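Student: Quick note: this note's numbering has the sequence shown finishing at residue 486, numbered continuously throughout.
The beta carbon of each residue, even a glycine, is placed where N, CA and C say it ideally should be.
All figures in this text were calculated on a predicted structure; none of them were measured in a lab.
Input: one structure, supplied below.
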Amino acid sequence: MRRVWIGVLGAAIGCSVAAGQGYVVEQIAGGLNHPLDLAQAPGDATGLYIAEQRFGMGTTGEPYARILRLDASSGVLTTFLTVDVSLVGDAGLHGLAFHPDYATNGRVYVTVMEDPPSGNRLLNRLYEYTIKADEEPTRRLVLSYPQNANSAIHGIGWIGFRPYAPLAERSWLYVFVGDGGPQASSGSYVNRAQQLDLVYGKVLRIDVDGEDLYPDDPDRNFGVPMGNPFHDGDPGSLPEVLCSGLRSPWRGGFDALTGDLLIGDVGFFSREEINIVRPDRLGEDFGWPSREGTIEMPVPGVGGPRGDSVDPIHEWAHSTGNVSITGGLVYRGPIGSLRGRVFFGDYVSGRVWSGVFDRQTDPADFNGQNIVGLVEHSVAWNAGLPAGQVIARVVSFATDLYGNLYVLNYGSGNLVNPTYGTGAVFRLRVLCQADFNGDGLVDFFDVQAFLGAFATDAPEADLNGDRAFDFFDVQMYLGLFSAGCG
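Here is the structure:
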């Protein structure tokens with residue numbers, strides 16, 4: 001059947017038409033209270049969901065955060081969900097992910113750092129909310145673990161499901177977990193990122209639909225994929241651990257084409273870095289705290305890096321003025337000229353770059369400079385924005401179901417001393433989606449590029465964002481190509 005669709009599309013080829021500039025950057029939401037994450041819910045074609053770090057005190061006197069729904073057609077913001085959080089330090093609502101089957105099961109996941117019932121150790125928690133029409137949301141605790149004493153940094157963070165995962169893997173949730181602080185220079189620092197029997201300083205992979213692996217533990221309510229690297233019965237390691245040796249893995253994301261997971265790890269004294277987890281290379285150690293980026297950085301009681309630790313694919317020195325990495329995320333959306341590029345930024349400087357990574361590179365050749373062809377976008381993007389709008393405090397990148405890229409501006413103040421109402425969300429919007437290869441023309445080569453992507457189930461060929469490659473995508477491209485670009 002797919003060959004028939006391709007033949008029909010091939011018959012529609014006409015002459016070439018100039019498409020003009022490929023995309024614009026535009027603000028789609030402003031006045032936000034420190035947005036940290038954005039996602040689109042499967043089954044909601046026009047809604048974008050924005051997670052704010054924290055909002056204020058609720059009617060019960062407890063601090064809370066909001067998840068807002070932005071109607072992309074009208075620009076109207078409404079409150080979708082409120083979540084209890086702590087107001088201490090970096091605490092708050094950190095991550096947001098919708099179950100791939102949200103349209104039928106109504107399940108959404110959030111990570112928060114919240115106040116404990118007693119004591120001085122904040123709680124890092126992963127919750128599952130079930131949303132049903134005309135009913136109050138219900139909440140289930142999936143994971144809970146304490147923060148280090150007197151620390152409100154390096155807690156639980158980004159979460160996500162792999163786009164286009166095989167059916168058996170659709171319910172596998174990936175969870176970024178920091179080392180819990182305090183800083184490595186503190187006399188109370190404990191090397192937990194290297195201890196495989198602890199969650200700190202790791203990426204976890206759990207199955208939210210699987211049989212509970214810990215039925216007697218109220219703080220761990222999830223299954224674990226059998227393919228996890230430490231799911232081997234060894235009591236010295238947690239089966240949910242996917243990789244280790246991380247300090248503050250704040251943001252990252254999947255390459256929707258390959259399944260590679262990129263991790264932006266915020267550094268300490270010297271380096272910011274991007275690490276990569278490939279589906280065929282699990283269980284790797286990225287070296288912290290005995291390594292920071294590609295350099296040895298011993299801390300008290302810790303020697304040099306283990307011989308099997310893996311260098312990052314990208315790093316930069318703090319001497320550049322960029323000291324808090326955000327990203328990275330591989331773009332697989334409708335802008336042909338950007339497709340396949342790794343986007344990342346810096347929270348402090350507000351700068352944004354993209355570059356190209358060759359995933360065939362042997363990990364033995366990772367040297368912190370494996371993302372090449374770097375382009376800085378910040379100046380050009382800001383120059384095209386109206387007065388009063390600016391991309392700064394780049395705290396997160398996100399994509400919707402169509403692969404569009406979003407940049408979240410945290411706003412004024414900082415994670416510890418926020419200024420509310422100054423956050424914003426920006427979107428890269430394609431100007432001519434018929435120009436599939438991004439060369440500025442609408443012609444045979446665009447059809448050829450679409451056919452190639454469609455034939456190989458490449459994410460950019462899923463034009464309607466339904467996570468399937470079928471007649472409806474071909475029908476949509478026929479319409480785009482026939483309309484051309486005005």
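Determine the DSSP secondary structure at Asp84, reduced to helix, strand or coil.
Tutor: Residue state, collapsed to three classes: strand.
Student: Can you find the residues in the same chain that come closer than 6 Å, C-beta to C-beta, to Val142, ignoring five residues on each side of it along the sequence?
Tutor: If we look at Val142 and ignore the five residues flanking it on each side, its Cβ neighbours are Leu126, Glu128, Asn221, Phe222.
Student: Taking only the alpha-carbon atoms, compute the straight-line gap between Asp308 and Met113 and give it to the nearest angstrom.
Tutor: Roughly 32 Å between the two C-alpha positions.
Student: Name the one or two DSSP bridge partners that Gln40 has.
Tutor: Gln40 is not bridged to any residue.
Student: Excluding the 5 residues preceding and the 5 following Gly14 in the sequence, name in chain order all residues of the same chain whose CB lies nearer than 6 Å to its CB.
Tutor: For Gly14, the predicted structure reports a pLDDT of 46, less than 50, and the residue's modelled location is therefore unreliable. The matter cannot be settled from this model.
Student: Could you check what DSSP says for Ala364 in three-state terms: helix, strand or coil?
Tutor: Helix.
Student: Check for me: the alpha helix (DSSP H) holding Trp381 runs from which residue to which?
Tutor: Segment 378 to 383, the alpha helix (DSSP H) holding Trp381.
Student: Asn404 bridges to which residues according to DSSP?
Tutor: In the DSSP output, where bridge partners are listed per residue, Asn404 has none listed.
Student: Alpha carbon to alpha carbon, what distance is there between Gly283 and Val76?
Tutor: Looking at the two C-alpha atoms, the distance is approximately 44 Å.
Student: What are the boundary residues of the beta strand (DSSP E) that Leu261 is part of?
Tutor: Its beta strand (DSSP E) spans residues 261 to 265.
Student: Check whether the Cβ atoms of Asp280 and Val310 sit closer than 8 Å, and answer yes or no.
Tutor: No, they are not a contact pair.
Student: With a cut-off of 8 Å, do at least 3 Cβ pairs link the region 407 to 414 to the region 422 to 440?
Tutor: Flag = yes, the region 407 to 414 and the region 422 to 440 touch.
Student: Just how far apart, CA to CA, sit Gly373 and Pro386?
Tutor: Cα to Cα, Gly373 sits roughly 29 Å from Pro386.
Student: Quick one, which of Ala317, Trp250, Val330, Gly201 has its alpha-carbon nearest Ser290's?
Tutor: Ser290 has its Cα closest to that of Gly201, out of Ala317, Trp250, Val330, Gly201.
Student: Roughly how many whole angstroms lie between the Cα atoms of Trp250 and Gly350?
Tutor: Going by the C-alpha atoms only, they are around 16 Å apart.
Student: Taking C-beta to C-beta, are Val177 and Leu204 nearer than 8 Å?
Tutor: Yes. Within cutoff.
Student: Can you tell me which of Gly245, Arg66, Tyr23, Tyr420 puts its alpha carbon nearest to the alpha carbon of Leu198?
Tutor: It is Gly245.
Student: Is Glu315 buried or exposed, if buried means 16 or more other CB atoms sit within 10 Å of its CB?
Tutor: So Glu315 ends up on the buried side.
Student: Quick check: the region 343 to 357 against the region 313 to 331, are there 3 or more CB pairs under 8 Å?
Tutor: Yes: the two stretches touch, three or more of their Cβ pairs being nearer than 8 Å.
Student: Work out the CA separation of Asp362 and Tyr64 for me, nearest whole Å.
Tutor: Answer to the nearest angstrom: the Cα atoms are 45 Å apart.
Student: Which one or two residues does DSSP pair with Glu292 in a beta bridge?
Tutor: In DSSP, Glu292 forms a bridge with Ile295.
Student: Measure from the alpha carbon of Phe55 to the alpha carbon of each residue in Glu26, Gly227, Ser86, then state which is nearest.
Tutor: Of the candidates Glu26, Gly227, Ser86, the one whose C-alpha sits nearest the C-alpha of Phe55 is Ser86.
Student: Can you have a look at Leu184 and say buried or exposed, based on whether 16 or more other CB atoms are within 10 angstroms of its CB?
Tutor: Per the sequence presented here, residue 184 reads as Ala, with Leu not at that position. With 16 or more other Cβ atoms within 10 Å, it is buried.
Student: Out of Val83, Lys132, Pro117, which has the shortest C-alpha to C-alpha gap to Ala495?
Tutor: Residue 495 lies beyond the stretch modelled for the chain, which goes from 1 to 486, so this question has no answer here.
Student: I'd like the list of long-range same chain contacts for Thr79, defined as Cβ closer than 7 Å, with 5 residues on each side in sequence excluded.
Tutor: Excluding positions up to five away in sequence, the list reads Arg66, Leu68.
Student: When you compare the region 157 to 176 with the region 252 to 262, are there three or more beta-carbon pairs, one atom per stretch, that lie closer than 8 Å?
Tutor: Output reads yes: the region 252 to 262 touches the region 157 to 176.
Student: Val224 and Ile206 look like a contact to me (Cβ under 8 Å); what is the Cβ gap, rounded to whole Å?
Tutor: Rounded, the Cβ-Cβ distance is 6 Å, consistent with contact.
Student: Look at the Cβ atom of Ala483, then the Cβ atom of Asp473, and state whether they are nearer than 8 Å.
Tutor: No, the pair does not count as a contact, with Cβ atoms beyond the cut-off.
Student: By alpha-carbon positions, which one of Tyr109, Arg140, Val394 ends up nearest to Gly264?
Tutor: Ranking the options by Cα distance to Gly264, first place goes to Val394.
Student: Using the three-state DSSP reduction, which class does Met113 fall into: helix, strand or coil?
Tutor: Note: Met113 maps to strand in three-state DSSP.
Student: I'd like the list of long-range same chain contacts for Gly465, defined as Cβ closer than 6 Å, with 5 residues on each side in sequence excluded.
Tutor: Within the same chain, Gly465 has close Cβ partners Leu401, Tyr402.
Student: On the DSSP letters alone, give me the boundaries of the alpha helix (DSSP H) that Thr104 sits inside.
Tutor: First-last of the alpha helix (DSSP H) with Thr104: 102 to 105.
Student: Of all the CB atoms in chain B, is at least one closer than 8 Å to the CB of Thr456?
Tutor: The structure shown contains no chain B, having only a single protein chain.
Student: For Gly155, count neighbouring Cβ atoms within 10 angstroms of its own Cβ and tell me buried if that reaches 16, exposed if not.
Tutor: Flag for Gly155 reads buried.
Student: Need the endpoints of the alpha helix (DSSP H) that Gly479 sits in, please.
Tutor: Here the alpha helix (DSSP H) through Gly479 covers 471 to 483.
Student: On the DSSP letters alone, give me the boundaries of the beta strand (DSSP E) that Ala468 sits inside.
Tutor: No beta strand (DSSP E) holds Ala468; DSSP gives it neither H nor E.
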